[in-house]
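Trainee: Numbering (full-length UniProt numbering), first residue to last: 1 to 618.
Every residue gets a Cβ at the ideal spot worked out from N, C-alpha and C, and that includes glycine.
Got a structure for you, written out below as structure tokens; questions coming shortly.
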């Protein structure tokens with residue numbers, strides 16, 4: 001018997017007397033101990049399903065048809081008191097944004113204690129023991145110290161693991177995981193995925209796993225439901241969907257993600273954007289038709305029904321046999337790297353002194369240890385490693401947000417180590433940073449034109465009309481419509497905000513860009529657009545870049561060389577293809593072993609090589 005079952009479930013936004021469909025005729029069944037993957041871009045309806053389970057739909061949205069049964073009872077019509085007793089205990093959630101989900105004014109310990117008291121799964125006197133056990137299960141180090149910290153004192157990945165520990169604490173019957181590994185590096189992702197696997201094996205927990213990573217879904221899910229614009233595009237066994245996609249959208253998502261295979265390929269760029277709620281209401285044909293490489297006239301006349309393709313698989317496509325013919329473009333040509341050095345680090349270290357505590361002397365922590373590297377003209381260098389390995393600290397040293405404790409930094413032949421006023425001005429002229437979170441990096445009160453041309457404005461260059469024209473030219477260069485210049489950040493999507501972030505950095509015509517996790521958390525389609533944009537801009541402008549990322553497949557696609565950092569030290573470096581094909585350090589091998597393989601039938605066993613265990617003992 002299915003633990004969770006949707007039968008023709010429909011959700012709509014009601015506004016001005018009209019209903020705009022958000023989810024249309026959704027049906028699936030999830031048995032105990034099974035994992036269902038929900039895959040698709042932002043706006044496809046993935047998170048809306050999780051909100052429907054919890055009955056936490058946004059204002060104006062409501063269930064307009066069908067049922068959603070949990071253990072034989074309809075969650076839609078269930079009494080609110082009964083549903084509240086289920087949520088957090090029998091039905092647990094891992095939300096997508098950890099910093100928003102945790103209370104900023106309560107310590108982690110206070111929030112764990114409240115949660116454990118609510119679910120009643122442990123004796124009140126033993127809450128601390130239970131909390132530390134759950135922290136250990138999700139590989140959170142120094143659990144006793146974490147209990148006294150506030151959410152803002154932890155990294156995003158650590159906050160995510162705190163929420164995962166809370167979700168697992170009740171040993172739920174159903175776990176809804178909304179992008180649970182997006183903010184995590186590959187080794188932590190591997191551990192969390194393994195933890196979910198153990199939970200479903202030992203506790204018979206059913207899991208709804210929401211992700212935009214089709215390759216990850218293929219490795220851990222039993223069934224995959226690919227959603228597009230609120231409607232199922234394809235549904236069936238995970239490995240079948242990944243190995244032989246029947247719907248063009250599934251195939252395009254697969255080809256938009258960089259691979260780790262021996263053959264380097266280009267990325268499929270999906271044109272335009274997914275239709276919004278208003279556009280869906282007026283569509284008469286297939287919702288994917290405007291972006292589909294296999295579209296024919298019949299696709300625009302009527303919406304294709306879900307039809308059986310083979311075995312247990314169904315797809316909403318009138319030509320599923322043509323899907324296999326969709327091929328990726330050729331690999332993008334990398335610009336020629338010259339011998340001129342634009343940035344050099346020699347023995348750069350950074351020490352931080354911890355705050356003095358009662359009866360304890362302050363301690364010194366070395367975040368970066370004797371880093372040596374060079375960045376040449378037109379070269380893209382990737383920096384990889386787990387959270388806490390020193391990647392972002394090294395970036396902050398390069399851009400002057402921190403000063404080295406020892407060592408030397410040279411930019412275009414000029415020593416900028418001392419970080420004096422003149423050196424900071426020299427950095428601003430020749431070096432720019434693109435921050436990880438475009439939402440917090442963009443001033444919400446300024447229009448895009450003012451944000452993009454901040455460098456001109458700060459230097460007193462150009463009139464208002466000239467700056468507006470410069471902004472429009474930059475926006476056109478990065479693939480945004482010129483009218484975007486008059487919008488505010490709140491009117492843009494996540495991918496558009498990141499493009500604005502890049503345009504702002506390019507306004508000063510820098511020789512070096514430092515990009516800190518700029519594609520983390522983005523849909524694979526938007527990620528593909530940004531990666532190809534960076535390669536195109538390098539061809540046209542000839543700049544160099546330090547690219548920080550936890551996604552090794554992205555680094556392999558984009559970067560000429562790679563630096564591998566572990567505990568503040570660069571433990572391996574070299575040409576990207578050479579390092580990834582034949583890593584010499586155990587830590588590099590552990591990182592690569594944690595990446596889901598491109599082949600859906602390949603065994604994904606992270607423990608058989610022993611590399612990760614070796615690193616953890618180091």
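Which same chain residues end up closer than 8 Å to residue 300 when comparing Cβ atoms and leaving out the 5 residues on each side of it in sequence?
Mentor: If we look at residue 300 and ignore the five residues flanking it on each side, its Cβ neighbours are 284, 285, 286 and 289.
Trainee: When we look at the beta-carbon of residue 77 and count the other beta-carbons within 10 Å, is it buried (16 or more) or exposed?
Mentor: Classification of residue 77: exposed, given that the 10 Å Cβ count is below 16.
Trainee: Can the beta-carbon of residue 385 be found less than 8 Å from the beta-carbon of residue 519?
Mentor: Their beta carbons are not under 8 Å apart, which means residue 385 does not touch residue 519 by this criterion.
Trainee: In the DSSP assignment, find the alpha helix (DSSP H) that holds residue 9 and state where it starts and stops.
Mentor: No alpha helix (DSSP H) contains residue 9, which is instead part of the beta strand (DSSP E) from 4-15.
Trainee: Tell me the residue span of the beta strand (DSSP E) that contains residue 449.
Mentor: Where residue 449 is concerned, there is no enclosing beta strand (DSSP E), although the alpha helix (DSSP H) it sits in stretches over 448-452.
Trainee: Return the Cβ separation of residue 305 and residue 297 in integer angstroms, given the expectation that the two are a contact with Cβ distance under 8 Å.
Mentor: With 8 Å as the limit, residue 305 and residue 297 do not qualify as a contact, their Cβ atoms being about 18 Å apart.
Trainee: Sorted by chain position, which residues of the same chain lie with C-beta nearer than 7 Å to residue 8's C-beta, five sequence neighbours on each side aside?
Mentor: For residue 8, where only same-chain residues beyond five positions count, the Cβ hits under 7 Å are 25, 27, 65 and 66.
Trainee: Nearest to residue 281 by CA position, among 11, 580, 472 and 485, is which residue?
Mentor: Per the Cα distances, 11.
Trainee: Going by C-alpha distance, which of 116, 111, 96 and 212 is nearest residue 157?
Mentor: For residue 157, the nearest C-alpha among the options comes from 96.
Trainee: Let me know the secondary structure DSSP gives residue 295 once reduced to three states.
Mentor: DSSP places residue 295 in coil when its eight states are reduced to three.
Trainee: Assuming residue 353 is part of the beta strand (DSSP E), what are its boundary residues?
Mentor: First-last of the beta strand (DSSP E) with residue 353: 341-353.
Trainee: Taking 8 Å as the threshold, find out whether the stretch 34-45 comes into contact with the stretch 200-213 through three or more Cβ pairs.
Mentor: Yes, the stretch 34-45 is in contact with the stretch 200-213.
Trainee: To the nearest angstrom, how far is the alpha carbon of residue 29 from that of residue 395?
Mentor: Taking the straight line joining both Cα atoms gives about 47 Å.
Trainee: How should residue 129 be labelled, buried or exposed, when 16 other C-beta atoms within 10 angstroms of its C-beta is the threshold for buried?
Mentor: By the 10 Å Cβ count, residue 129 comes out exposed.
Trainee: Enumerate in chain order the residues of its own chain whose CB-to-CB distance from residue 272 is below 7 Å, with the five nearest sequence positions on each side excluded.
Mentor: Contacts found: 290 and 291.
Trainee: Can you give me the C-alpha to C-alpha distance between residue 348 and residue 403, rounded to a whole angstrom?
Mentor: For residue 348 and residue 403, the distance between alpha carbons rounds to 10 Å.
Trainee: Distance check for residue 256 and residue 325, CA to CA, integer angstroms please.
Mentor: For residue 325 and residue 256, the distance between alpha carbons rounds to 15 Å.
Trainee: Is it true that the CB of residue 92 sits closer than 8 Å to the CB of residue 195?
Mentor: Not in contact: residue 195 and residue 92 (Cβ atoms no closer than 8 Å).
Trainee: Within 10 angstroms of the Cβ of residue 443, are there 16 or more other Cβ atoms? Answer buried if so, exposed if not.
Mentor: Result: exposed.
Trainee: Candidates 258, 173, 432 and 113: which alpha carbon is nearest residue 203's?
Mentor: The option with the nearest alpha carbon to residue 203 is 173.
Trainee: Please classify residue 294: is it buried, with 16 or more other beta-carbons within 10 angstroms of its beta-carbon, or exposed?
Mentor: Residue 294 is buried by the Cβ-count criterion.
Trainee: Within the same chain, show all residues whose beta-carbon is closer than 6 Å to that of residue 329, passing over the 5 residues directly before and after it, in chain order.
Mentor: 266.
Trainee: Excluding sequence positions up to five away, which residues of its chain have a Cβ less than 7 Å from the Cβ of residue 615?
Mentor: Because the pLDDT of residue 615 is 43, which lies under 50, any placement of that residue in the model is unreliable, and the question is left without a value.
Trainee: Just to confirm my understanding: we take residue 427, look at its own chain, exclude 5 residues before and 5 after, and list those with CB closer than 8 Å. What are they?
Mentor: Result list for residue 427: 399, 400, 411 and 416, in chain order.
Trainee: Measure the alpha-carbon distance for residue 605 versus residue 558 and round it to whole angstroms.
Mentor: Model confidence at residue 605 stands at a pLDDT of 42, short of 50, so the residue's coordinates are unreliable and nothing is read from them.
Trainee: Starting from the N-terminal side, write out each stretch of the alpha helix (DSSP H) that is 4 residues or longer and does not extend beyond the stretch 117-151.
Mentor: With a minimum length of 4 residues, the continuous alpha helix (DSSP H) runs that stay inside the stretch 117-151 are 127-137 and 143-146.
Trainee: With distances taken Cα to Cα, identify the nearest neighbour of residue 510 among 221, 560, 446 and 541.
Mentor: Considering only alpha carbons, the answer is 541.
Trainee: With three or more beta-carbon pairs closer than 8 Å as the criterion, would you say the stretch 231-251 touches the stretch 489-505?
Mentor: Not touching, per the Cβ criterion.
Trainee: For the 8 Å Cβ check, are there 3 or more pairs between the stretch 481-498 and the stretch 130-140?
Mentor: No: fewer than three Cβ pairs fall under 8 Å.
Trainee: Using DSSP bridges, identify the partner residues of residue 414.
Mentor: Bridge partners of residue 414: 411.
Trainee: By Cβ distance below 8 Å, which residues in the same chain neighbour residue 376 in space, the five residues on each side in sequence not counted?
Mentor: Same-chain partners within the cutoff: 337, 338, 339, 340, 341, 342 and 544.
Trainee: For the stretch 551-598, which segments carrying the alpha helix (DSSP H) assignment without a break, of at least 4 residues, lie completely within its bounds, in sequence order?
Mentor: With a minimum length of 4 residues, the continuous alpha helix (DSSP H) runs that stay inside the stretch 551-598 are 552-558, 576-581 and 586-593.
Trainee: Applying the 10 Å Cβ sphere with the 16-neighbour rule, what's the burial state of residue 378?
Mentor: Buried is the call here.
Trainee: Taking the beta carbon of residue 308 as the centre, do at least 16 other beta carbons fall within 10 Å, making it buried, or is it exposed?
Mentor: Residue 308 comes out exposed.
Trainee: Ordered along the chain, which non-local residues of its own chain (more than five positions away) have a Cβ less than 6 Å from that of residue 455?
Mentor: Excluding residues within five positions, the ones whose Cβ falls inside 6 Å are 507 and 508.
Trainee: Between residue 618 and the rest of its own chain, which residues show a CB-CB distance below 7 Å, the 5 nearest in sequence each way excluded?
Mentor: In this predicted model, residue 618 has a pLDDT of only 39, less than 50, meaning its place in the structure is not dependable; the value taken from the coordinates is given anyway. None.
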